[in-house]
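Residue numbers (the numbering used here): 4 to 285.
Beta carbons are placed, not taken as given, at the ideal position from N, Cα and C, and that holds for glycine.
Owing to the predicted nature of the structure, the values given are computational and were not obtained by experimental measurement.
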Amino acid sequence: MNKELLVGNTLQQDDKILNPMMNTRLQDEDDQKLWEQYKVNHDPNIKDALIMKYASFVKYVAGRIAVNLPSNVEFDDLVSYGILGLIDAIDKYDLDKNVKFKTYAKTRIRGAIFDELRVLDWTPRSIRQKARKLEKAYAKLEGRLGRDAKDEEVAEYLQIDISELHKLFDETKKSLLLSLDEIFYDDDEGSSRFDYIEDEKSDNPQSKIEEAEAKKILADAISKLSDRERMVITLYYYEELTSKEIGKILGVSDSRVSQLHTKAILRLRGRLSRIKEALTQV
Numbered sequence: 004m005n006k007e008l009l010v011g012n013t014l015q016q017d018d019k020i021l022n023p024m025m026n027t028r029l030q031d032e033d034d035q036k037l038w039e040q041y042k043v044n045h046d047p048n049i050k051d052a053l054i055m056k057y058a059s060f061v062k063y064v065a066g067r068i069a070v071n072l073p074s075n076v077e078f079d080d081l082v083s084y085g086i087l088g089l090i091d092a093i094d095k096y097d098l099d100k101n102v103k104f105k106t107y108a109k110t111r112i113r114g115a116i117f118d119e120l121r122v123l124d125w126t127p128r129s130i131r132q133k134a135r136k137l138e139k140a141y142a143k144l145e146g147r148l149g150r151d152a153k154d155e156e157v158a159e160y161l162q163i164d165i166s167e168l169h170k171l172f173d174e175t176k177k178s179l180l181l182s183l184d185e186i187f188y189d190d191d192e193g194s195s196r197f198d199y200i201e202d203e204k205s206d207n208p209q210s211k212i213e214e215a216e217a218k219k220i221l222a223d224a225i226s227k228l229s230d231r232e233r234m235v236i237t238l239y240y241y242e243e244l245t246s247k248e249i250g251k252i253l254g255v256s257d258s259r260v261s262q263l264h265t266k267a268i269l270r271l272r273g274r275l276s277r278i279k280e281a282l283t284q285v
């Protein structure tokens, strides 16, 4: 084979490999310059450019949330809420912290979407009441038993049969699919000392202590779930997988994943309500 042709083909192949890497590096450098310019003068035109640049990322985050919400929740509304979170993230992003913007922004975008969903109160009151009824049943039973309550025990406590209990799980599952932070809400107003208490730029020591304590309590409660329930919580909230994706990993149906998720959240809420009750009595 012609040596020059061989060298040419090799260089062409190398170019195909290196070009994406070079493009990515150049893109990162352009992004860095854009951010540095914005942080210096807060030019509204640069801010608009950043919003446009990350708008598709907002749609991605909103889409991951939308698949697990009722059909009456409009996707475009979720995107609008997410854009508010994006704008907040752009204003508060700190270049010096050496954290990728998308990593930082995702929390803000998700938080903005969940905040608006809670304010809009898209869950019917009757469904919320049923969820509270189940939560209290788990709190009382598991506090008394010192272990996970079985379906039969929960049904007996509520004086209903197993089929009615499973129907309750199905009716309330959508009301339990918001952010993991939602498990701290234990009153009709949705208030909680755990609700987004952190502010990245806040030097308030008390806020940092409360944030750390909240995370510790939550992590401890999650660690006490059954293996499968803990896996569902981890994959759904921390890995941000959909119910269908989790089902493939666990080898179970979507409906089974939903049931595992519902039980896990009810147990977590029950345990946290017992902890809060104990704290108020100290």
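- Take the alpha-carbon of Ile163 and the one of Lys103: they are about 51 Å apart.
- Closest by C-alpha distance to Ala115, out of Tyr41, Asp91, Leu137 and Glu280, is Asp91.
- The residue among Ile68, Leu98, Asp99 and Asp97 with its C-alpha nearest the C-alpha of Tyr84 is Ile68.
- Looking from the CA of Thr106, the closest CA among Val70, Phe60, Lys247 and Ser261 belongs to Phe60.
- Rounded to whole angstroms, Lys56 and Tyr63 show a C-alpha spacing of 13 Å.
- Taken through DSSP and simplified to helix, strand or coil, Tyr141 comes out as helix.
- Taking all protein chains in view, the Cβ of Arg270 is crowded by 16 or more other Cβ atoms within 10 Å, so the residue is classified as buried.
- Contact between Val82 and Ala65 holds, since their C-beta atoms are separated by about 5 Å, short of 8 Å.
- Here Lys176 has Ser261, Gln262, His264 and Thr265 as same chain residues with Cβ atoms under 8 Å from its own Cβ, once five neighbours each way along the sequence are excluded.
- Distance between Ser226 and Gly88, taken at the CA atoms: about 30 Å.
- Spatial neighbours of Arg111 in its own chain (CB-CB distance under 8 Å, excluding positions within 5 residues in sequence) are listed in chain order as Gly88, Leu89, Asp91, Ala92 and Lys95.
- In the structure shown, Ile116 adopts helical secondary structure according to DSSP, grouped into three states.
- Asp154 places its beta carbon 8 Å or farther from that of Ser229.
- DSSP places Leu89 in the uninterrupted alpha helix (DSSP H) bounded by Phe78 to Lys95.
- Per the coordinates, the alpha-carbon of Leu168 lies some 10 Å from the alpha-carbon of Glu174.
- Secondary structure at His264: helix, using DSSP grouped into helix, strand and coil.
- For the 8 Å CB-CB criterion, Leu144 and Ala224 do not form a contact.
- The beta-carbon separation of Glu39 and Leu98, rounded to 7 Å, stays under the 8 Å limit for a contact.
- Exclusion of the five residues before and after Arg131 leaves Ser178 as the residues of its chain whose Cβ lies within less than 7 Å of its Cβ.
- With contacts defined as CB atoms closer than 8 Å, Ile54 and Tyr41 fail to qualify as a contacting pair.
- For His45, the three-state secondary structure derived from DSSP is coil.
- C-alpha of Tyr240 to C-alpha of Lys136: approximately 24 Å in a straight line.
- If you ignore the 5 residues before and after Val157, its C-beta comes within less than 8 Å of the C-beta of Leu137, Ala140, Tyr141, Leu144 and Leu168, all in its own chain and listed in chain order.
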